[in-house]
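Following: one structure in structure tokens, then a few remarks.
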Amino acid sequence: MKTFLSAATLALSLSVSSLAVAEPIKIGLITTLSGGGAGLGVDTRDGFMLAIKEAGNKDITVITEDDAQKPELAVQIADKMIQSDQVDILTGIVWSNLLMAVAPSANAQGKFYVSTNAAPAALAGAKCNPLYFNAAYQNDNLHEAMGEYANKDYKKIFIMAPNYPAGKDSLTGFKRYYKGELAAEVYTKVGQTDYAAEIAQIRASGADAVFAFLPGGMGISFMKQYAQSGVKTPIMGPGFSFSQDVLPAIGDAALGVKASGQWVKDLDNEANKKFVPAFQKEYGRLPSLYAVQAYDAAQLILSAASKASVKDAKAFGEAMKAADIQSPRGKFKFNTNLHPIQDIYVTEVVKEDGVLTNKTVSKIFTDHGDAYAKDCKM
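Residue numbers (mature numbering (1 follows the signal peptide of the UniProt record, and there is no 0)): -22 to -1, 1 to 356.
Put into structure tokens, the structure is as follows:
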């Protein structure tokens, strides 16, 4: 009798497990596919879809829409995806102001949000949520790394970022670790394309270096104008300002620039050795930081889906929190606030076989978390 019950229990367990694996899941991927930030969104979409394709899971449906970098449009799309398309999970938003408009509302409606990039401080601390996971970093992290790196060579730095949540987080993160003097702290308009005034400020500031967080088209415009200005003050920034998707447009003006990132294409691990050529084969270009983050976001969802039903929020959340994936960045685990703990590197822009890319210079942080986890009371 005991043997029979054990066998029946095992059969039931296997049946439930199989149902979890085969359960249809709808994912709503909202990202920026038009305008100055389109390169970031395209890499986000492509990295995410590569992981879905490699998994071969036919029960996963991904619905993709363009937010055009507009918060009000992102909200409209998210509402439609939740109410009409009945998605189980939302993901893909690049910009923190858009994420703040979408993620808390989605969580309040019982939907998971898995961030592929945006990581505002507000959602890492007191407003953390068991349905909100970040597969990228916390906004401050890469800037903290450059603040630490800058201490080695520079005494007076001009810092600059766009005036939105991620921009404010970036300079907060840089200042948390940088011990020298600030020549100036400047916030530019989001989407700005003319940096003549800021470059004039840099020229007159007496700074011995510039730290600039200007992702997407903003960074392209700034770096081109900076090179033309003749100002020789060295530039540094986080990896997003000099990621693979923008380097071709910036051109040789980016050569030698130091940046920071939790992933570099030359990292020596098996997952990365598979990912980089797989992305190149699929899309005909090198992947960026945005592509890797989205690839891992998809891996986390796929891993959780193989172990638990998305309808069981607690079980699915625990499965995702286990982070049972092989990341191209190497070590990856979640902090108590469901943001990554990971290594962060200093990189340098170089030219390899005529192609601008980043190479690893050194590791700046090992197993680095964020400053806000202590305020998360989940």
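We treat Cβ as the ideally placed atom computed from N, Cα and C, and that holds for glycine.
According to DSSP, is Met78 helix, strand or coil? Looking at Met78 - three-state DSSP - the assignment turns out to be helix.
Can you have a look at Leu233 and say buried or exposed, based on whether 16 or more other CB atoms are within 10 angstroms of its CB? Counting Cβ neighbours within 10 Å, Leu233 comes out exposed, since fewer than 16 surround it.
Pro140 vs Phe189 beta-carbon contact at 9 angstroms: no
8 angstroms contact criterion, which Val53 and Leu68 should meet: CB distance rounded: About 11 angstroms separates the two Cβ atoms, so there is no contact after all.
Whole angstroms is fine: what's the gap from Ile8's alpha carbon to Val328's? 32 angstroms
Which residues share a DSSP beta bridge with Ala237? Thr325
According to DSSP, which residues form a beta bridge with His346? Looking at the DSSP assignment, His346 forms a beta bridge with Gln320.
How is the beta strand (DSSP E) around Leu160 delimited, first residue to last? 159 to 166
Evaluate Val224 with the Cβ neighbour count: other Cβ atoms within 10 Å of its Cβ, from every protein chain shown; 16 or more gives buried, anything less gives exposed. If you draw a 10 Å sphere on the C-beta of Val224, you find 16 or more other C-beta atoms in it, and that means buried.
When the Cα of Ala275 is compared with those of Asp21, Ser93, Gly88, which residue comes out closest? Ser93
With distances taken from CA atoms, which of Arg263, Gly169, Asn129, Asn117 is nearest Tyr156? Asn129
Under a three-way DSSP split, which group does Lys153 fall into? helix
Residue environment, Ser238, which counts as buried when at least 16 other CB atoms sit within 10 Å: buried
Quick one: give me the first and last residue of the beta strand (DSSP E) that Val92 is part of. Note, Val92: beta strand (DSSP E), 90 to 93.
Boundaries (first-last residue) of the alpha helix (DSSP H) holding Lys292: 291 to 299
If I'm right that Ala104 touches Asp353 with Cβ under 8 angstroms, what's the distance once you round it to whole angstroms? Contact between Ala104 and Asp353 holds, since their C-beta atoms are separated by about 5 angstroms, short of 8 angstroms.
Return the CA-CA distance between residue 416 and Ala86, expressed in angstroms with no decimal places. Only positions -22 to 356 of the chain appear in this structure, which leaves residue 416 out of reach.
Extent of the continuous beta strand (DSSP E) run through Phe136: Annotation for Phe136: the continuous beta strand (DSSP E) segment containing it runs 134 to 140.
Give me the residue from Ser183, Ile213, Ala182, Gly169 with the minimum Cα distance to Ser199. Gly169
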